[in-house]
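Q: In my numbering, the protein residues as written are 18 to 291.
Every residue gets a Cβ at the ideal spot worked out from N, C-alpha and C, and that includes glycine.
1. Can you list, in chain order, the residues of its chain with a C-beta nearer than 6 Å to that of residue 112? Leave out the 5 residues immediately preceding and following it.
2. Rounded to a whole number of angstroms, what is the C-alpha to C-alpha distance between residue 172 and residue 274?
3. Sorted by chain position, which residues of the same chain lie with C-beta nearer than 6 Å to residue 117's C-beta, five sequence neighbours on each side aside?
4. What alpha helix (DSSP H) runs, 4 residues minimum, are completely inside the stretch 72–136?
5. In the structure shown, what three-state DSSP assignment does residue 19 receive?
6. Going by C-alpha distance, which of 42, 216, 268 and 75 is nearest residue 93?
7. Nearest by alpha-carbon distance to residue 97: which of 232, 239 and 142 is it?
8. Going by C-alpha to C-alpha distance, which of 121, 79 and 50 sits closest to residue 19?
9. Using only CA atoms, which one of 64, 71, 168 and 41 lies nearest to residue 210?
10. Out of curiosity, what's the CA-to-CA distance linking residue 214 and residue 220?
11. Looking at the unbroken alpha helix (DSSP H) that takes in residue 48, where does it start and where does it end?
12. What is the DSSP secondary structure of residue 40, counted as helix, strand or coil?
13. With distances taken from CA atoms, which of 48, 237, 115 and 86 is nearest residue 292?
14. Among 245, 181, 29 and 67, whose alpha-carbon lies nearest the alpha-carbon of residue 83?
15. Using CA coordinates, which residue listed in 246, 283, 110 and 245 is at the minimum distance from residue 38?
16. Taking C-beta to C-beta, are residue 254 and residue 241 nearer than 8 Å?
17. Is residue 270 buried or exposed, if buried means 16 or more other CB atoms sit within 10 Å of its CB?
18. Candidates 103, 257, 22 and 288: which alpha carbon is nearest residue 218's?
19. Considering just the uninterrupted stretch of the beta strand (DSSP E) at residue 160, what are its terminal residues?
20. Note down the Cα distance separating residue 230 from residue 246, rounded to an integer number of angstroms.
21. Starting from residue 240, trace the alpha helix (DSSP H) both ways and give me its first and last residue.
22. Assign residue 60 to one of two classes, buried (16 or more other C-beta atoms within 10 Å of its C-beta) or exposed (fewer than that).
23. May I ask you to list the residues that DSSP assigns as paired with residue 138?
24. With DSSP collapsed to three states, give me the class of residue 284.
25. From the DSSP output, in three-state form, read off residue 68 for me.
26. Under the DSSP definition of a beta bridge, which residues are partnered with residue 193?
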């Protein structure tokens, strides 16, 4: 797995996101995160497709990842989306590290922690969440993001210096993670990543796609469709695989043949949220 971006690859990366290389500062960082989040959806269509096509049991290499974004409007899940954003930030000169995050099990999530001008930020482009800008870690009180019926709360660091993120839906805690501040190498997550491609793994037996726009978010979670903004959430159920495929093609602009192949191959649609 690539550990640093080559200049040619970095140039392609920047072109896709319509970014320019500038001296690291907070405004530039916000632009990078925002454009990345709007261009790269959280989705597991590509995860299932790449395994079906080539037997992949690791997230795609950088060439395939960028090709997927540019040609098919793919994105990825947490490891791919956060790791490649980390490499881009590293190339651009930011003081950045990848870190494991614990949910129900250790290291099942990956996040980015960045230091800039003496301040620490959490960046997470792989949580299917509206983290559209760097989130401050040096907190004395909760940092809250409201999004429709969802509320994301970043807690002040615990006694070990680790920030915790929690998701509440309609006031109920649904899940969260504790980000561990220790810098890690992507090779340390190989076993967990390979396991996520197993026949019984959650994202090989469910569907979750989340795409962010300037003023709304589209979420497809199995047969549930949700359109949400800061103050409003609209829900509807999809009643067939044909309707599900049509909805994904319409809102995520992925190729219909690939979407159909993946959807028709799923034998079950396991709950991803609760």
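A: Taking the definition as stated:
1. In the chain shown, the residue the question calls residue 112 occupies position 95. Closer than 6 Å at Cβ, skipping near neighbours: 132.
2. Position 155 of the chain shown, counted from the start, is the residue given in the question as residue 172. Position 257 of the chain shown, counted from the start, is the residue given in the question as residue 274. Using only the alpha carbons, I get a separation of about 43 Å.
3. The count along the chain shown starts at 1 and reaches residue 117 at position 100. These residues qualify, in order along the chain: 124, 197 and 201.
4. 79–89 and 95–108
5. On the chain shown, residue 19 is found 2 positions in, with the first residue counted as 1. Residue state, collapsed to three classes: coil.
6. Indexing the chain shown from 1 puts residue 93 at position 76. Selected option, being the one with the closest Cα: 75.
7. Here residue 97 refers to the residue found at position 80 when the chain shown is read from its first residue. For residue 97, the nearest C-alpha among the options comes from 142.
8. As a first step, residue 19 is located in the chain shown; it is residue number 2 there, counting from the start. When each option's Cα is compared against that of residue 19, the closest is 79.
9. Locating residue 210 in the chain shown gives position 193, counting from the first residue. Comparing Cα positions, the closest option is 64.
10. Along the chain shown, one-based indexing puts residue 214 at 197. Along the chain shown, one-based indexing puts residue 220 at 203. Rounded to the nearest angstrom, the two C-alpha atoms are 8 Å apart.
11. Residue mapping note: residue 48 aligns to position 31 of the chain shown, counting from 1. Element bounds for residue 48: 43–56.
12. Indexing the chain shown from 1 puts residue 40 at position 23. Coil, per DSSP.
13. The displayed coordinates of the chain run from 18 to 291. Any statement about residue 292 would go beyond what the structure contains.
14. Reading the chain shown from its first residue, position 66 is the one you call residue 83. Ranking the options by Cα distance to residue 83, first place goes to 29.
15. As a working mapping, residue 38 is identified with position 21 in the chain shown. Considering only alpha carbons, the answer is 110.
16. Residue mapping note: residue 254 aligns to position 237 of the chain shown, counting from 1. Residue mapping note: residue 241 aligns to position 224 of the chain shown, counting from 1. Going by C-beta atoms, residue 254 is nearer than 8 Å to residue 241.
17. Mapped onto the chain shown, residue 270 falls at position 253. With fewer than 16 other Cβ atoms within 10 Å, it is exposed.
18. Here the question's residue 218 lines up with position 201 in the chain shown. Here the closest residue by C-alpha is 288.
19. In the chain shown, the residue the question calls residue 160 occupies position 143. 160–164 is the extent of the beta strand (DSSP E) around residue 160.
20. As a first step, residue 230 is located in the chain shown; it is residue number 213 there, counting from the start. As a first step, residue 246 is located in the chain shown; it is residue number 229 there, counting from the start. Cα-Cα distance, rounded: 10 Å.
21. For the purposes of this step, residue 240 is identified with residue 223 of the chain shown, where counting begins at 1. Unbroken run through residue 240: none, as it is neither H nor E.
22. If you number the chain shown from 1, residue 60 lands on position 43. Label assigned to residue 60: buried.
23. Position 121 of the chain shown holds residue 138. DSSP lists 131 and 153 as partners of residue 138.
24. Mapped onto the chain shown, residue 284 falls at position 267. Residue 284: coil per DSSP, three-state reduction.
25. Stepping through the chain shown from its first residue, residue 68 is reached at position 51. DSSP places residue 68 in helix when its eight states are reduced to three.
26. Along the chain shown, one-based indexing puts residue 193 at 176. Bridge partners of residue 193: 183.
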